[in-house]
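Student: Input: one structure, supplied below.
2 protein chains.
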Amino acid sequence: MSVHFRKLALIGIGLIGSSIALAARRQGLVDVISIATRRHDTLEEARSLGLGDIYTLDASEAVRDADLVILCAPVGAYGALAEAIGPALAKGAILSDVGSVKEHVLKVVGPHVPEGVEFIPGHPLAGTEHSGPSAGFAELFAGRWCVLTPGPEISPSQTERLAAFWRAMGSDVECMDAAHHDMVLAITSHVPHLIAYNIVGTVADLEADTKSEVIKFSASGFRDFTRIAASDPVMWRDVFLTNRDAVLEMLGRFNEDLSRLQRAVRTGDGPALEALFTRTRTIRRSIINAGQETAAADFGRPHDTPPPVEPLIVRDHGGGDDA
Amino acid sequence: MSVHFRKLALIGIGLIGSSIALAARRQGLVDVISIATRRHDTLEEARSLGLGDIYTLDASEAVRDADLVILCAPVGAYGALAEAIGPALAKGAILSDVGSVKEHVLKVVGPHVPEGVEFIPGHPLAGTEHSGPSAGFAELFAGRWCVLTPGPEISPSQTERLAAFWRAMGSDVECMDAAHHDMVLAITSHVPHLIAYNIVGTVADLEADTKSEVIKFSASGFRDFTRIAASDPVMWRDVFLTNRDAVLEMLGRFNEDLSRLQRAVRTGDGPALEALFTRTRTIRRSIINAGQETAAADFGRPHDTPPPVEPLIVRDHGGGDDA
Chain X
1 MSVHFRKLAL
11 IGIGLIGSSI
21 ALAARRQGLV
31 DVISIATRRH
41 DTLEEARSLG
51 LGDIYTLDAS
61 EAVRDADLVI
71 LCAPVGAYGA
81 LAEAIGPALA
91 KGAILSDVGS
101 VKEHVLKVVG
111 PHVPEGVEFI
121 PGHPLAGTEH
131 SGPSAGFAEL
141 FAGRWCVLTP
151 GPEISPSQTE
161 RLAAFWRAMG
171 SDVECMDAAH
181 HDMVLAITSH
191 VPHLIAYNIV
201 GTVADLEADT
211 KSEVIKFSAS
221 GFRDFTRIAA
231 SDPVMWRDVF
241 LTNRDAVLEM
251 LGRFNEDLSR
261 LQRAVRTGDG
271 PALEALFTRT
281 RTIRRSIINA
291 GQETAAADFG
301 RPHDTPPPVE
311 PLIVRDHGGG
321 DDA
Chain B
1 MSVHFRKLAL
11 IGIGLIGSSI
21 ALAARRQGLV
31 DVISIATRRH
41 DTLEEARSLG
51 LGDIYTLDAS
61 EAVRDADLVI
71 LCAPVGAYGA
81 LAEAIGPALA
91 KGAILSDVGS
101 VKEHVLKVVG
111 PHVPEGVEFI
121 PGHPLAGTEH
131 SGPSAGFAEL
141 FAGRWCVLTP
151 GPEISPSQTE
161 RLAAFWRAMG
171 SDVECMDAAH
181 HDMVLAITSH
191 VPHLIAYNIV
201 GTVADLEADT
211 KSEVIKFSAS
221 GFRDFTRIAA
231 SDPVMWRDVF
241 LTNRDAVLEM
251 LGRFNEDLSR
261 LQRAVRTGDG
271 PALEALFTRT
281 RTIRRSIINA
291 GQETAAADFG
301 RPHDTPPPVE
311 PLIVRDHGGG
321 DDA
């Protein structure tokens, strides 16, 4: 048995779904790609991009005879989707997903998985702030982690088969318990997104004059936050609705630390501030060393070159006189 | 009078100072660059990089006969520096700086500025997370704002002369009141940095096992924050010590909003979450339209290509059997 699948069904075709379609095709991992999505215009967009072979608005139609089915819709839609496709899933198929939370997914999808189908939840830790079928690209998963959270009833050979599929798209694969995944992701992803959304929201509430200045001068730090806070709203709503406990736990720690930091600013505690700011620098170095980030300054953002030297003569004022 | 200066003295030669040296030289804006810094090894590093013409540990020596002097040291050092160089400043010289706060700078430097010298505080809104003389590059200021905060006693012709110098290095220049600068920067820069330092600090306090997983899986959002939280610790300590009131005011707003958002997560208020997450998306679009950010996904970070297609045969398991 090779990593090859006969028919891949993608239920949902946003950034992640379309990237899987492109990567699986390019790497020759599947014969047929079947795409289902809820909205007609999204389906037509996928068709015009040539992402698959079969296009349908009926998810249960899409999964027929598929040996690999991946849910790529917002997590909030999983329960209804699983109920709809459950009876149509082929015996021996692997059912997986790409959702950002995993315990909730086991809970809402699990009951609808028929005997003979192996449900192996997955989460590729990859994405950009863009969404929709046209946002995908085949390189999205290269060098990024994909976490699988198979239950104890899943055969290791099937997990390995799915892992090989992800590795072939460039991912590194790690298996862990669903609850542990949700806790780690609350820290690395969910709370950072919440914080970014919050600060951008604070700015959005400023008076119009100030807001336009903030936008103008955003390159001094704020704009980094806006990238994260430009991620897909429905997907992120569902993350916070379905990983509440882990998010609130980590947010509690963040708030405690922020109170302490606020006090250090208020009391002018220079040594405490400098100590924190020095400690945080080493974390970034670790991330770069772990190959999860570019060492290039400013994320490797493009920097313009200065304009060519012009005849830089300005008005000839008398020294110190007003113009 | 042209934009040309005979002798530029840079007091401090970190990321910003070294970038000014490189940009001013490349654009032919000065004849002589004189560099002073407090530490011997930093001075030697600047010398080995060929950043200037004159190198000294004595700031008052560096400014002698200079017609443009720019303080590029941490703001906390300004008072002592101004006291030291004040008597040595040449009549007719322009004294400026690059510090991230401006009211405080007027307060601590102003009293040491002798008659006949024009003190025009400045702040280039440019930088990366790297620091030190070797971090500088001539393109740093291209397409970035430089804010000048001249007092009412400064002649517009001198302000224009300094503005032309920054424009020649690629900056757009804006003049504003020092207090207004400090408020706008508290929002766009200081509070975002504080938040980023805080969340990275929260992670730094996690148990070793969890921390290593957070680093491993950081690409899911957290790593963006670490870039900001890797900025120069002493510079940022001084920012929070000297722009306290504006920072605490904005931090108060951020905290109010975060409490409300936390409640929305706790009560599972999906519509409120989705509404905020949709609203914040438009702010990023405005920043991209304002030319302050790249529209490329993920800041234009490099994405690897997936590995070449390999003979993707895995072990031949019987269907469903354990390996």
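If you read the sequences in order, they're chains X and B.
Residue numbering for the first sequence follows UniProt numbering, beginning at 1 and increasing consecutively.
Residue numbering for the second sequence follows UniProt numbering, beginning at 1 and increasing consecutively.
For glycine and all other residues, C-beta sits at the position ideal for the given N, C-alpha and C.
In this text, all values refer to a predicted model and were calculated from it rather than measured experimentally.
Could you give the distance in angstroms between the alpha-carbon of B/LEU273 and the alpha-carbon of B/PRO192?
Tutor: As a working mapping, residue 273 of chain B is identified with position 273 in the second sequence. As a working mapping, residue 192 of chain B is identified with position 192 in the second sequence. If you take the alpha carbons of B/LEU273 and B/PRO192, they lie about 21 Å apart.
Student: List, from N- to C-terminal side, the beta strand (DSSP E) runs of 3 residues or more that fit wholly inside the segment 131–203 of chain B.
Tutor: Counting only runs of 3 or more, we get 145–148, 172–175.
Student: Give a yes or no on whether the minimum CB-CB distance between X/LEU312 and chain B is below 8 Å.
Tutor: As a position in the first sequence, residue 312 of chain X is number 312, starting the count at 1. Since pLDDT at X/LEU312 reaches only 39, below the 50 mark, its modelled position is unreliable, and no value is offered.
Student: With a cut-off of 8 Å, does the C-beta of B/PRO74 fall near any C-beta of chain X?
Tutor: The residue you call residue 74 of chain B lines up with position 74 of the second sequence. So no, B/PRO74 is outside the interface.
Student: Tell me, please, whether the CB atom of B/LEU276 is closer than 8 Å to any CB atom in chain X?
Tutor: Residue numbering aside, residue 276 of chain B sits at position 276 when the second sequence is read from its first letter. Yes, its Cβ sits closer than 8 Å to a Cβ of chain X.
Student: Would you mind sorting B/PRO87 into buried or exposed? The rule is 16 or more other CB atoms within 10 Å of its CB.
Tutor: One-based indexing of the second sequence puts residue 87 of chain B at position 87. Exposed.
Student: So, at 7 Å on beta carbons, what are the nonlocal neighbours of X/PRO111 in its own chain, with the 5 sequence-adjacent residues on each side left out?
Tutor: Counting from 1 along the first sequence, the entry for residue 111 of chain X is found at position 111. Excluding residues within five positions, none has a Cβ falling inside 7 Å.
Student: Quick one: what's B/PHE119 bridged to in DSSP?
Tutor: The sequence position of residue 119 of chain B within the second sequence is 119, counting from 1. Answer is B/LEU95.
Student: Which residues, in chain order, does the segment 189–205 of chain B contribute to contact with chain X at a C-beta distance below 9 Å?
Tutor: For the segment 189–205 of chain B, which is checked against every Cβ of chain X, the residues closer than 9 Å are SER189, HIS190, VAL191, PRO192, HIS193, LEU194, ILE195, ALA196, TYR197, ASN198, ILE199, VAL200, GLY201, THR202, VAL203, ALA204, ASP205.
Student: Please list, in chain order, all residues of the same chain as X/TRP236 whose beta carbon is under 8 Å from its beta carbon, the five residues on each side excluded.
Tutor: What you label residue 236 of chain X is simply residue 236 of the first sequence in a count that begins at 1. Excluding positions up to five away in sequence, the list reads HIS193, TYR197.
Student: Just checking my contact of X/TRP145 with X/LEU162 at CB under 8 Å: how many whole Å lie between their CB atoms?
Tutor: Here residue 145 of chain X is taken as the residue at index 145 of the first sequence, counted from 1. Here residue 162 of chain X is taken as the residue at index 162 of the first sequence, counted from 1. That pair is no contact at about 14 Å.
Student: For a test of the three-state rule: what should DSSP assign to B/ASP31, helix, strand or coil?
Tutor: Against the second sequence, residue 31 of chain B aligns to sequence position 31. Three-state DSSP puts B/ASP31 in a strand.
Student: Report the three-state DSSP secondary structure of B/PRO307 (helix, strand or coil).
Tutor: Taking the first residue of the second sequence as position 1, residue 307 of chain B is located at position 307. Low confidence applies here, because B/PRO307 scores a pLDDT of 48, under 50, leaving its location unreliable; read the following figure in that light. B/PRO307 falls in the coil class under three-state DSSP.
Student: Name the one or two DSSP bridge partners that X/THR56 has.
Tutor: Translated into positions along the first sequence, residue 56 of chain X becomes position 56. Per DSSP, X/ALA36.
Student: In the DSSP output, what is B/LEU10 paired with across the bridge?
Tutor: Along the second sequence, read from residue 1 onward, the residue named residue 10 of chain B stands at position 10. Looking at the DSSP assignment, B/LEU10 forms a beta bridge with B/ILE35, B/ILE70.
Student: By a C-beta neighbour count over all protein chains shown, 10 Å radius and 16 as the cutoff for buried, is residue 325 of chain X buried or exposed?
Tutor: No answer is possible for residue 325 of chain X: it lies beyond the span of chain X, which begins at 1 and ends at 323.
Student: Is the distance from the Cβ of B/PRO152 to the Cβ of X/PHE277 below 8 Å?
Tutor: Residue numbering aside, residue 152 of chain B sits at position 152 when the second sequence is read from its first letter. Residue numbering aside, residue 277 of chain X sits at position 277 when the first sequence is read from its first letter. It is not a contact, given that the beta carbons lie outside the stated cut-off.
Student: Just to confirm my understanding: we take B/ARG167, look at its own chain, exclude 5 residues before and 5 after, and list those with CB closer than 7 Å. What are they?
Tutor: Here residue 167 of chain B refers to the residue found at position 167 of the second sequence. Counting only Cβ-Cβ distances below 7 Å, and skipping sequence neighbours, we find VAL173.
Student: Per DSSP, what kind of secondary structure is B/PRO111 in: helix, strand or coil?
Tutor: Against the second sequence, residue 111 of chain B aligns to sequence position 111. If DSSP states are grouped into helix, strand and coil, B/PRO111 belongs with the helices.
Student: For chain X, find out if any of its Cβ atoms is closer than 8 Å to the Cβ of B/THR280; answer yes or no.
Tutor: Position 280 of the second sequence, counted from the first residue, corresponds to residue 280 of chain B. With 8 Å as the cut-off, B/THR280 counts as an interface residue toward chain X.
Student: Round the Cβ separation of X/SER100 and X/VAL75 to the nearest angstrom and send it over; I've been treating them as touching at under 8 Å.
Tutor: In the first sequence, the residue the question calls residue 100 of chain X occupies position 100. In the first sequence, the residue the question calls residue 75 of chain X occupies position 75. The pair is a contact, with the Cβ atoms about 7 Å apart (cut-off 8 Å).
Student: Looking at X/ARG301 and B/THR294, is the spacing between their C-beta atoms short of 8 Å?
Tutor: Translated into positions along the second sequence, residue 294 of chain B becomes position 294. Translated into positions along the first sequence, residue 301 of chain X becomes position 301. Yes; because the gap between Cβ atoms is below 8 Å, this pair is in contact.
Student: For the alpha helix (DSSP H) holding X/PRO87, just list the boundary residues, first then last.
Tutor: Reading the first sequence from its first residue, position 87 is the one you call residue 87 of chain X. Neither: X/PRO87 is in no alpha helix (DSSP H) and is coded neither H nor E.
Student: Check whether the Cβ atoms of X/SER34 and X/ALA9 lie closer than 8 Å to each other.
Tutor: Taking the first residue of the first sequence as 1, we reach residue 34 of chain X at position 34. Taking the first residue of the first sequence as 1, we reach residue 9 of chain X at position 9. In contact: X/SER34 and X/ALA9 (Cβ atoms closer than 8 Å).
Student: Taking X/ASP97 as the reference, give the member of X/THR226, X/ALA246, X/VAL109, X/VAL214 with the closest Cα.
Tutor: Counting from one through the first sequence, the residue named residue 97 of chain X turns up at place 97. Minimum Cα distance to X/ASP97 is reached at X/VAL109.
Student: Sorted by chain position, which residues of the same chain lie with C-beta nearer than 7 Å to X/ALA179's C-beta, five sequence neighbours on each side aside?
Tutor: In the first sequence, residue 179 of chain X corresponds to position 179, counting from 1. The answer, listed in chain order, is GLU103.
Student: Which residues of the segment 215–240 of chain X have a Cβ closer than 7 Å to any Cβ of chain B? Give them in chain order.
Tutor: Answer in chain order: ILE215, LYS216, PHE217, SER218, ALA219, SER220, GLY221, PHE222, ARG223, ASP224, PHE225, THR226, ARG227, ILE228, ALA229, ALA230, PRO233, VAL234, TRP236, ARG237, PHE240.
Student: Use the C-beta contact count for B/ARG263: other C-beta atoms within 10 angstroms, 16 or more gives buried, fewer gives exposed.
Tutor: Locating residue 263 of chain B in the second sequence gives position 263, counting from the first residue. Exposed is the call here.
Student: Which residue from B/VAL3, B/HIS40, B/GLY14 puts its Cα closest to that of B/LEU57?
Tutor: As a working note, residue 57 of chain B is residue 57 in the second sequence. Looking at the Cα atoms, B/HIS40 is the closest of the given residues.
Student: State the beta-bridge partners of X/PRO233 as determined by DSSP.
Tutor: Indexing the first sequence from 1 puts residue 233 of chain X at position 233. X/PRO233 is not bridged to any residue.
Student: Check for me: the alpha helix (DSSP H) holding B/ASN289 runs from which residue to which?
Tutor: If you number the second sequence from 1, residue 289 of chain B lands on position 289. Here the alpha helix (DSSP H) through B/ASN289 covers 270–289.
Student: Of all Cβ atoms in chain B, is any one closer than 8 Å to the Cβ of X/ILE13?
Tutor: Start at 1 with the first residue of the first sequence, and residue 13 of chain X comes out as number 13. Judged by the 8 Å Cβ criterion, X/ILE13 is not in contact with chain B.
Student: Kindly indicate which three-state DSSP category X/PHE5 falls into: helix, strand or coil?
Tutor: By 1-based counting over the first sequence, the position of residue 5 of chain X is 5. Here X/PHE5 sits in strand by DSSP.
Student: Determine the contact status of B/LEU248 and X/ARG266, defining contact as a CB-CB distance below 8 Å.
Tutor: If you number the second sequence from 1, residue 248 of chain B lands on position 248. If you number the first sequence from 1, residue 266 of chain X lands on position 266. Yes.
Student: For B/VAL117, which residues of its own chain have a beta-carbon under 6 Å away from its beta-carbon, when the five flanking residues on both sides are left out?
Tutor: Counted from its first residue, the second sequence places residue 117 of chain B at position 117. Around B/VAL117: LEU89, ALA93, LEU95.
Student: Where do the N-terminal and C-terminal ends of the alpha helix (DSSP H) with B/LYS102 fall, by residue?
Tutor: Numbered from its first residue, the second sequence carries residue 102 of chain B at position 102. Premise fails: B/LYS102 is in no alpha helix (DSSP H) and is neither H nor E.
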